[in-house]
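Here's the structure we're looking at; comments come further down.
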Amino acid sequence: MPFFRMTKTVLMSLFKRPATVKYPFAPRTYYANTRGKVLIEVNNCIFCGICQRKCPTAAITVAKADKRWVINRLRCISCGACVDACPKKCLKLDTQYTPVQTAKSEESFTQNA
Amino acid sequence: MTKRTIIPFGPQHPVLPEPIHLDLVLEDEKVVEAIPSVGFIHRGLEKLVEKKDFQDYVYVAERICGICSFIHGMTYCIAVEEVMKLDVPERAQYLRVIWSELSRIHSHLLWLGLMADSFGFESLFMHTWRLREAILDIIEETTGGRVIFGSSKVGGVRKDVSDEKLKLIVEKLKKYEKEIKEITDVFVHDASVKHRLVGVGILSKNDAYTLGAVGPTARGSGVSQDMRKLGYAAYRNINFEPIVETAGDCYARCMVRVRELFQSIDMISQAVNKIQAGPIEVKVTGTPNGEFFARTEQPRGEVIYYAKADGDKFLKRLRVRTPTFANIPALLKVLPGSSLADVPVLILTIDPCISCTER
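Keeping their order, the protein sequence lines are chains S and U. Counted from 1, the first sequence has number 67 at position 67 by the working numbering; the numbering is strictly sequential. Counted from 1, the second sequence has number 1147 at position 147 by the working numbering; the numbering is strictly sequential.
Here it is, written out as structure tokens:
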């Protein structure tokens, strides 16, 4: 039958659950590998600055003097270059993305003395 | 002589995912001439190579295109690796093949959906994109990103995929193959689809060759040209024949892409069977010095990366020739003589990717 090729698929989809998820009411499931936002365990950080040098978008600033690690979430492309380069393994990629922002801002982490 | 009118087509048009502008010169409903203008989204990415470290530029190369991102990144890496005479490990080469083919499947499914949308078959559009979502899930599971894989790297790949996971991917793809067959059969057999595609926009073999068409556009006209036959990455170890149709019309170009979907699934299972355990990258030391032309096959056709370096950590010159750029002359050849209602379909059959073209 040259016409109505699609009919079977269309009829079957009528009785199936929707292929889409009712986001944000139903949560989206992420994979373990999903590259979300960068997290830091700032207390393990030695402020070597390798992540700052490796970051292709210059989103990270490391202030060794006042033990501060600053990230500009809007510049970050979640490539994971900093995570691969970190010698202390204190950086990791979360599976969740950064929440929506309404203004440009930087997130700052300071090590407890 | 009938009165001529000029209709501007684009840069904003429902069938165009990206901005290209055409001035269509019409006599009644017939197109007599098409004058293209591009340049809406030029980003100067080639110039950026002089400011970015050659290893960091991979991230930029991947972002040249949002659909064939992985192959862009991979081709850049191949060009730099050849300049630096790096020996990329076998496993990394196979992973590159697997990811390239996954991106080909998702790009072709995306195109089939857009095509269905262009001739007004909305449910077919939705169903092809539903299938594409499953492929994107596989990509996200293995690389962490849905369209920007971020797994290319000069000297290999950044992420390994375990053998069990690779086997699982092949199993999943075999399952999706049936569903894809069910949906693509509509493109192959349905009378309403054929009515819009068969005999529309015929590009002869000679024209396709002399105008330098690449990829499915050339193969749909009977030019058997597939850069994967050059044997880059691990393609030299994989059995396949370029898919060629001879009619040269929109239907033939559509059929090339439909058949390539199944070919890609087959190539992934071949690659998974042949992949061996081993390292996934080599250490990169020093800086590149020399020049190289890398040619690879994207979903849309051949992409060329020319890299030139002089021992500095920044490349001297990078030139990217994308497939859409090569296919625009062929498009301008088929447009005159067609009716206005067929123009969206004709533009889509070259699978235009304008942000690639303008970089």
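Cβ coordinates follow ideal geometry from the N, Cα and C atoms, glycine included. If you're wondering where the values come from, they're calculated on a predicted model, not measured in any experiment.
Query                                                                                                                         : Result
Given 8 Å, three or more beta-carbon pairs between the stretch 1261-1278 of chain U and the stretch 1227-1243 of chain U      : yes
Within chain U, the residues that S/G80 reaches when beta carbons sit closer than 8 Å                                         : G1144, G1150 and R1158
Strand pairing of U/R1043, partner residues [DSSP]                                                                            : Answer is none; U/R1043 lacks a bridge partner.
For S/K92, the residue or residues it bridges with in DSSP                                                                    : S/L39
Among S/D66, S/D84, S/C76 and S/C48, the one whose alpha carbon lies nearest that of S/N112                                   : S/D66
Under 7 Å from the C-beta of S/R35: neighbouring residues of chain U                                                          : G1144, G1145 and G1150
Close Cβ partners of U/A1213 (< 6 Å) along its chain, the five nearest in sequence each way excluded                          : N1327 and A1330
The stretch 1076-1088 of chain U touching the stretch 1334-1345 of chain U, judged by at least three CB pairs closer than 8 Å : no
S/F47 - DSSP class collapsed to helix/strand/coil                                                                             : coil
Three-way DSSP call (helix, strand, coil) for S/T98 in this model                                                             : coil
Nearest neighbour of S/P24, chosen from S/T61, S/S105 and S/P99 [CA to CA]                                                    : S/P99
Interface residues of chain S facing U/R1130 [CB-CB closer than 8 Å]                                                          : A19
Where U/E1018 sits in the DSSP three-state scheme                                                                             : coil
Among U/I1064, U/Q1012, U/R1295 and U/P1011, nearest to U/E1358 - alpha-carbon criterion                                      : U/I1064
Cut-off 6 Å between Cβ atoms - residues of its own chain near S/Y30, not counting five sequence neighbours on either side     : T95
Length of the line joining the Cα atoms of U/Q1298 and U/L1114                                                                : 18 Å
Minimum Cβ-Cβ distance from S/V10 to chain U less than 7 Å                                                                    : yes
Amino acids of chain U, ordered along the chain, whose beta-carbon sits closer than 9 Å to that of S/I77                      : Y1059, R1063, I1148 and G1150
Interface residues of chain U facing S/Y31 [CB-CB closer than 9 Å]                                                            : D1137, E1140, E1141, T1142 and G1144
Pairwise C-alpha distance: U/R1004 and U/R1132                                                                                : 42 Å
Expected contact under 8 Å - CB spacing of U/V1161 and U/A1271 to nearest Å                                                   : Going by Cβ atoms, the distance from U/V1161 to U/A1271 rounds to 11 Å, so no, they are not a contact pair.
Where U/H1072 meets chain S, residues with beta-carbon distance less than 7 Å                                                 : The premise fails here: U/H1072 is roughly 15 Å from chain S at the closest Cβ pair, so nothing lies under 7 Å.
Burial state of U/P1288, where buried means 16 or more other Cβ atoms lie within 10 Å                                         : buried
Cross-strand partners of U/V1320 (DSSP beta bridge)                                                                           : U/Y1305
DSSP-derived helix/strand/coil call for U/K1030                                                                               : strand
Residue-chain proximity (S/P56, chain U), Cβ-Cβ < 7 Å                                                                         : yes
U/N1289, enclosing beta strand (DSSP E) - first and last residue                                                              : N1289 to Q1298
contact_flag[the stretch 1228-1235 of chain U, the stretch 1089-1108 of chain U] where n(CB pairs < 8 Å) is 3 or more         : yes
Contacting positions in the stretch 1157-1190 of chain U - beta carbon closer than 8 Å to chain S                             : R1158, K1159, E1182, I1183, D1185, V1186, H1189 and D1190
CB of U/T1128 within 7 Å of CB of U/L1102, strictly                                                                           : no
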